[in-house]
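Taking it in order: structure first as structure tokens, then the write-up.
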Amino acid sequence: MQKTGAKGDSYYGRVAQNYEKRRKKQEWWDVEQNEMKSLLETLPEGLSVVDIPFGTGRFVPFYLERQFDISGLDASIEMLNAASQSLGSNLQKCRVSTGSAMDLPFADEQFDLLVSTRFLRDIIVAKDALKALDEFARVTKQFAIIQLGESISKDGEEIDPDHILESRMSDKDNKKMLKDAGFKIVEKRLVKTDKDMNSQIFHFLVKKM
Ligand SMILES: C[S@@+](CC[C@H](N)C(=O)[O-])C[C@H]1O[C@@H](n2cnc3c(N)ncnc32)[C@H](O)[C@@H]1O
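Quick note: the sequence shown uses my numbering, first residue 113, plus one each step.
Right under this line is the structure:
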């Protein structure tokens with residue numbers, strides 16, 4: 113276990129193969145799916161979307177329903193192989209590539225919408241999460257849906273740049289972090305509460321300022 117608790121390099125081999133099978137047993141997987149579907153329905157049809165990290169492409173059926181032009185990026189080729197197993201021929205309707213969220217191989221404002229779940233909060237350390245957030249803001253022209261954690265108590269905790277964010281941020285901290293990256297919050301949807309851990313997880317629908 114790394115000192116930082118970052119999990120960025122662990123989605124290979126069997127972990128990648130069993131990713132969806134294991135996650136689908138979590139109650140909040142379905143909540144995330146439903147909230148994502150319903151947030152996407154508030155956006156225009158036919159957008160270009162990029163999903164980072166793409167993982168197994170869990171939201172692809174919803175993007176297709178909205179006639180989106182779909183791109184995805186993930187650090188792990190094995191997760192993209194798992195996406196192929198999970199999505200079947202629908203993967204051919206997506207442009208997927210490997211790369212790093214902190215240094216995206218995309219042009220400024222290349223997409224209308226960026227989606228990122230189960231990543232900034234718990235996969236990479238805080239200083240990298242800020243880098244990735246800046247990259248997300250750079251490549252989207254209009255919207256983003258970004259999953260972030262929040263502390264249930266009003267005040268967040270001090271953020272160590274070398275530790276994962278988890279749910280240390282307060283509502284105010286997240287608003288500021290998103291604003292500093294160039295985003296205004298349109299709506300936030302609760303997808304998970306863990307009272308013992310004093311934590312909540314939200315999907316933030318944000319718009320470029
Ligand atoms: C928990 S999964 C989330 C996948 C998907 N977004 C979801 O909600 O199921 C984390 C993913 O992040 C990918 N990853 C880790 N570090 C990355 C990085 N620096 N850039 C892009 N992807 C990364 C892993 O390969 C893995 O697929």
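Using N, Cα and C, we set each Cβ at its ideal position, and we do this for glycine too.
Pairwise C-alpha distance: residue j and residue i
i	j	result
residue 266	residue 197	42 Å
residue 194	residue 294	33 Å
residue 287	residue 318	10 Å
residue 135	residue 141	7 Å
residue 128	residue 240	22 Å
residue 113	residue 234	Unreliable positioning characterises residue 113 in this predicted model, as indicated by a pLDDT of 33, which lies under 50. The coordinate reading is nonetheless provided below. The straight-line gap from Cα to Cα measures roughly 14 Å.
residue 156	residue 178	8 Å
residue 115	residue 276	The pLDDT assigned to residue 115 is 37, lower than 50, so where the model puts this residue is not dependable, and the model offers no usable value.
residue 163	residue 184	5 Å
residue 237	residue 274	5 Å
residue 206	residue 175	10 Å
residue 310	residue 189	35 Å
residue 226	residue 258	8 Å
residue 165	residue 308	28 Å
residue 278	residue 204	34 Å
residue 137	residue 208	26 Å
residue 223	residue 320	12 Å
residue 143	residue 149	10 Å
residue 302	residue 160	25 Å
residue 297	residue 253	15 Å
Residue span of the beta strand (DSSP E) that contains residue i, given as start and end
i	result
residue 197	First-last for residue 197: 189–199, but that is the alpha helix (DSSP H), not the beta strand (DSSP E).
residue 220	Per DSSP, residue 220 belongs to no beta strand (DSSP E) and is neither H nor E.
residue 274	No beta strand (DSSP E) contains residue 274, which DSSP labels as neither H nor E.
residue 312	311–320
residue 163	160–163
residue 185	181–186
residue 168	No beta strand (DSSP E) holds residue 168; DSSP gives it neither H nor E.
Spatially closest choice to residue i from the options, by CA coordinates
i	options	result
residue 299	154, 194, 233 and 278	154
residue 264	232, 136, 305 and 124	305
residue 124	289, 167 and 214	167
residue 290	247, 220, 310 and 274	247
residue 131	163, 230, 223 and 217	230
residue 213	205, 219, 204 and 187	187
residue 269	281, 232 and 315	281
residue 158	181, 174 and 144	181
residue 201	256, 144, 172 and 146	172
residue 232	204, 314, 152 and 308	314
residue 283	209, 254, 316 and 143	316
residue 221	250, 256 and 211	250
residue 228	170, 262, 192 and 218	170
residue 215	191, 244 and 199	244
Enclosing alpha helix (DSSP H) for residue i [first to last residue]
i	result
residue 125	125–129
residue 292	283–293
residue 142	139–152
residue 177	172–177
heavy atom of ligand 3 below 7 Å from residue i C-beta
i	result
residue 173	Absence of ligand 3 is noted for the structure shown, with ligand 1 being the only ligands found.
Query raised in the report: In chain order, which alpha helix (DSSP H) runs of at least 4 residues are fully inside the stretch 213–271?
Result: 238–251
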